[in-house]
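The opening position of the sequence shown corresponds to residue 0 in numbering that gives the first Met the number 0, with each subsequent residue numbered one higher.
Glycine included, every Cβ here is placed at the ideal spot set by N, Cα and C.
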Amino acid sequence: MRKLMQLAFIFVAIIAFAQTKEVIKFRGNILNYSENPYAFFKVIDQREDKQIGTLPFGDQKEMKEIVFPSTLDADFSAWYLKSNQPGKLTDFVLVLKKLKLSTGESDGKKTEGKMDFSAQTFAKTGDKYQFLYKKDTVFTFYDQEVSELMVKNIPVVFSAFIKKAYSLNPAGNKVAVSDLADYSTLVKTNYAALKGGPLKDGIYLDYISFFNQTPEPGNYVLESNNKGDITKAVKEENGKKTKISAYKMFAYVDKGKARKSTFSGFMDLDQDESGFYVLGNRGHLFPVQSNSAYGMFGLIGGVAGAIEQGSRQKKMKSGDVQKIYIDPLTGEYDFSEE
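Below, the structure is given as structure tokens:
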């Protein structure tokens, strides 16, 4: 009888334990359509906090801890092999820096939720790693069942992030695994724009040329419309004019002062010890319906609610402004501090 009671107690304990977990389901795929075949998918977990979050689920708001099915390496490797044939030499490596879910304020109908995401990817050949892509951002959700919605979107975020990395060729110097812990800082020391000297005047068509300080050759003159907005840059050599439209520029530097092209026009590009930044918010940088983070990642379900927090552009622009840094490894805005 005692043995039977012990077994019953263990069974109840197992059921109770299982009920406190919300397991991430790897739906969808991470099919590699690119011309860069990879042998295997590897994961390096560099999260300081391995806990994803404990959130309320269902009508009873039962608190559940969000967990991966097993280990990161095993989960992603199995997901990869579902839709890809292993290549020969090079492995795809995901370095996970942060994955945190949390809930916030509620209006009685919808609750705010946030997903803090930070990851890097590398191509690994032998014992050397070469950079592919990285993303540091915070996704905001508004939904009646926001916890369920965020968990459903975890594989969506990873899938879009990984597929973006597939499409890119490895760049930069090959490094050892020991360099991956602080890869961003390591690479930043190589960029001319971050070495503290004056910036070179000129037109920069992409982030690579800006951070390497290699402007377009020639003496370009900026032209503006009657509102004072920069519309183009023009140079004249040997009787021939060359024009660069404002929308093709990443940034320009005039008399040592940098300005970056954004949705709202050119904005001052300032620098501090952390890097280059614009002072603004998402409303200054993106049109409401095509916020780059949400558009790129194709989030499902109540993401419309997330975007509708600024359903009017003016409302978004009127929000608090902050330093929004430019990631020198990707040229993208870094919203990791939101």
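At what residues does the beta strand (DSSP E) containing Asp267 begin and finish? Gly264 to Asp267
Would you call the stretch 59-73 and the stretch 108-127 in contact, with 3 or more CB pairs under 8 Å? no
Cβ-based neighbour list, Ala257, same chain, cut-off 6 Å, excluding 5 preceding and 5 following: Leu198, Ala250 and Leu268
Would you decide whether Gly309 is buried or exposed? Buried here means 16 or more other CB atoms lie within 10 Å of its CB. Bear in mind that the predicted position of Gly309 carries a pLDDT of just 41, short of 50, making it unreliable; the figure below should be weighed with that in mind. Burial call: buried.
Under 7 Å between the Cβ atoms of Met248 and Ser260? yes
Quick one, are the C-beta atoms of Gly27 and Ser158 less than 7 Å apart? yes
Per DSSP, what kind of secondary structure is Gly103 in: helix, strand or coil? strand
Name the DSSP beta bridge partners of Lys134, please? Ala118
Between the C-alpha atoms of Asn168 and Gly217, what's the straight-line distance to the nearest angstrom? 30 Å
Does the Cβ of Gly171 lie closer than 6 Å to at least one heavy atom of the ligand HEM? With respect to the ligand HEM, the structure offers nothing, as it holds no ligand at all.
Restricting to Cα atoms, I'd like to know which of Thr213, Ser166, Lys134 and Val186 is closest to Asn172. Val186
Which residue or residues does DSSP assign as beta-bridge partners of Gly261? A quick correction: the sequence has Thr, not Gly, at residue 261. Note: Thr261 sits in a beta bridge opposite Gly264.
By the three-class DSSP mapping on this structure, what secondary structure does Thr241 have? strand
Measure the alpha-carbon distance for Ala15 versus Ile207 and round it to whole angstroms. Summary for Ala15: the model assigns pLDDT 49, below 50, so the residue's position carries little reliability; its value from the coordinates is reported in the next sentence. If you take the alpha carbons of Ala15 and Ile207, they lie about 53 Å apart.
Report all residues from its chain with a CB closer than 8 Å to the CB of Ile323; omit the five preceding and five following residues, and keep chain order. Tyr276, Val277, Leu278, Gly279, Asn280, Leu284, Tyr332, Asp333 and Phe334
Pull up the distance between the alpha-carbon of Gln321 and that of Lys81, whole angstroms please. 42 Å
Whole-number beta carbon distance between Tyr190 and Asn211, since they are thought to touch under 8 Å: 6 Å
Taking 8 Å as the limit between beta carbons, can you name the residues of its chain near Ala175, skipping five residues before and five after? Asp126, Lys127 and Tyr128
C-alpha distance - Thr241 paired with Ala232, whole-angstrom precision: 8 Å
How should Thr120 be labelled, buried or exposed, when 16 other C-beta atoms within 10 angstroms of its C-beta is the threshold for buried? buried
Could you name each continuous alpha helix (DSSP H) segment of 4 residues or more that falls completely within the stretch 171-228, going from the start of the chain to the end? 182-187 and 206-211
Does DSSP put Glu111 in a helix, in a strand, or in coil? strand
Let me check one thing: in DSSP terms, what residues is Glu270 bridge-paired to? According to the sequence as given, residue 270 is Gln; it is not Glu. Beta-bridge pairing links Gln270 to Phe275.
Quickly, what does DSSP pair Tyr324 with across the bridge? List them, please. Tyr276 and Asp333
Strand pairing of Asp253, partner residues [DSSP]: Lys256
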